[in-house]
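S.K.:
In the working numbering, the protein residues as written are 284 to 642.
So, in structure tokens, the structure goes:
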């Protein structure tokens with residue numbers, strides 16, 4: 284009789300464990316399903332978080348050197364950013380206003396010139412004949428992914444202002460939103476989650492700083508170099524190169540394409556000079572500029588970054604490529620602190636730890 288009751292208890296315990304595992308698996312599957320359905324919205328929110336982290340970095344910088352409360356430091360940071368944007372608009376706005384529309388108009392012509400030159404190469408004619416509209420083949424998927432991300436809900440303009448709005452509200456009272464996230468965790472683990480979130484924010488701030496340094500250096504260097512070479516629309520092309528540098532490793536390659544195409548309209552020799560210019564600028568940026576400033580910044584290993592970008596492109600298209608690196612920074616910090624340190628018990632230098640420590 285006792286053996287029978289023991290067997291029933293064992294079966295009951297096993298059934299409870301099976302039901303628990305099935306329930307957890309079902310919950311995870313449901314969460315993943317809704318996350319996939321809301322992927323564009325989640326990426327939009329994360330872009331807003333990035334904007335908030337960037338503004339918060341300026342606020343912390345103001346508080347570090349000035350005896351200001353957070354509210355006054357935030358007001359000063361926003362005012363400073365607005366003044367910088369207005370100043371840049373006054374200095375380079377008129378020239379860029381003329382060059383950007385011209386660049387958009389001439390890029391298709393430059394691409395067609397490239398196709399024409401390729402057709403003249405031996406053996407290329409037969410390959411190109413299989414493609415009726417090569418420009419559309421290359422350009423349309425990129426456009427579809429880009430517009431798919433930004434226009435799924437409200438369109439590009441609405442998404443841009445939503446990012447600004449989300450970031451603005453987050454930066455107004457970050458402790459409130461972080462506290463609400465921490466409350467979702469069991470009380471025994473809330474302090475650790477607080478530490479992880481703080482370290483993720485610090486790592487993101489330092490990563491954004493590294494991208495800002497690269498963007499400014501590449502954009503200014505390319506613009507000056509192209510103007511020296513006599514490439515048309517040097518300012519607009521420098522701006523494009525600087526903006527694409529936000530995407531590590533892949534971005535500079537993509538940003539070089541418009542310059543090479545425009546230079547090709549002038550002459551193949553000028554296009555070759557433009558390629559050499561980009562190679563020199565990127566070499567200086569990787570081996571001189573960034574190492575000099577590396578003590579206060581966060582950079583991910585190149586191979587790891589490219590793999591993450593390819594995965595982001597497969598999941599979310601262009602938006603995945605743009606946001607994959609900062610998402611990877613967040614993921615690396617979480618894995619290092621919650622798994623390597625807490626589960627495995629190993630010591631590891633967490634990404635961003637010991638760099639630009641908040642005071």
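Just so it is clear, CB atoms sit at the ideal spot from N, CA and C, and this is done for glycine as well. None of these values were measured; they are calculated from a predicted model.
Just to confirm, is the Cβ distance from residue 491 to residue 333 under 9 Å?
M.R.: Walking along the chain shown from the start, residue 491 turns up at place 208. Walking along the chain shown from the start, residue 333 turns up at place 50. Yes, the Cβ-Cβ distance between residue 491 and residue 333 is below 9 Å.
S.K.: Mapping DSSP to helix, strand and coil, what is residue 634?
M.R.: For the purposes of this step, residue 634 is taken as the residue at position 351 of the chain shown. Coil, per DSSP.
S.K.: On a CA-only basis, which of 324, 477, 494, 383 is nearest residue 459? Give me that one, please.
M.R.: Looking up residue 459 in the chain shown gives position 176. Ranking the options by Cα distance to residue 459, first place goes to 477.
S.K.: Specify the secondary structure class of residue 516 as computed by DSSP and reduced to three states.
M.R.: Counted from its first residue, the chain shown places residue 516 at position 233. Residue state, collapsed to three classes: coil.
S.K.: Flag this pair as yes or no: are the beta carbons of residue 559 and residue 541 separated by less than 9 Å?
M.R.: Looking up residue 559 in the chain shown gives position 276. Looking up residue 541 in the chain shown gives position 258. No, the pair does not count as a contact, with Cβ atoms beyond the cut-off.
S.K.: How is residue 605 classed by DSSP in three states: helix, strand or coil?
M.R.: Working through the chain shown from its first residue, we reach residue 605 at position 322. Three-state result, residue 605: helix.
S.K.: Enumerate in chain order the residues of its own chain whose CB-to-CB distance from residue 623 is below 6 Å, with the five nearest sequence positions on each side excluded.
M.R.: Numbered from 1 along the chain shown, position 340 holds the residue referred to as residue 623. If we look at residue 623 and ignore the five residues flanking it on each side, its Cβ neighbours are 629, 631.
S.K.: Taking Cβ to Cβ, would you say residue 543 is nearer than 9 Å to residue 557?
M.R.: For this step, residue 543 is matched to residue 260 along the chain shown. For this step, residue 557 is matched to residue 274 along the chain shown. Taking 9 Å as the Cβ cut-off, residue 543 and residue 557 qualify as a contacting pair.
S.K.: Within the region 432-492, note down every full beta strand (DSSP E) run reaching 3 residues or more, in order along the chain.
M.R.: Correct list: empty.
S.K.: Are the region 327-344 and the region 441-449 in contact at 8 Å, needing three or more beta carbon pairs?
M.R.: Yes: the two stretches touch, three or more of their Cβ pairs being nearer than 8 Å.
S.K.: Between residue 383 and the rest of its own chain, which residues show a CB-CB distance below 7 Å, the 5 nearest in sequence each way excluded?
M.R.: On the chain shown, position 100 is the one that residue 383 refers to. So the list reads 519, once near-sequence residues are dropped.
S.K.: May I have the straight-line CA-CA distance separating residue 272 from residue 572, to the nearest angstrom?
M.R.: Because the chain spans 284 through 642 in this model, residue 272 falls outside it and cannot be assessed.
S.K.: Residue 390: which of 539, 496, 445 sits nearest, CA to CA?
M.R.: Residue 390 sits at position 107 when you count from the first residue of the chain shown. Residue 390 has its Cα closest to that of 539, out of 539, 496, 445.
S.K.: For the region 598-606 and the region 501-512, state whether three or more C-beta atom pairs, one from each stretch, are separated by less than 8 Å.
M.R.: Verdict: no, contact absent.
S.K.: Check this for me: beta carbons of residue 592 and residue 617, under 9 Å apart or not?
M.R.: Within the chain shown, residue 592 is the residue found at index 309, counting from 1. Within the chain shown, residue 617 is the residue found at index 334, counting from 1. It is not a contact, given that the beta carbons lie outside the stated cut-off.
S.K.: Quick check on residue 378: does DSSP put it in helix, strand or coil?
M.R.: Your numbering for residue 378 matches position 95 in the chain shown. Note: residue 378 maps to helix in three-state DSSP.
S.K.: Out of 327, 564, 388, 583, which one is the CA nearest neighbour of residue 440?
M.R.: Translated into the one-based positions of the chain shown, residue 440 becomes position 157. Looking at the Cα atoms, 327 is the closest of the given residues.
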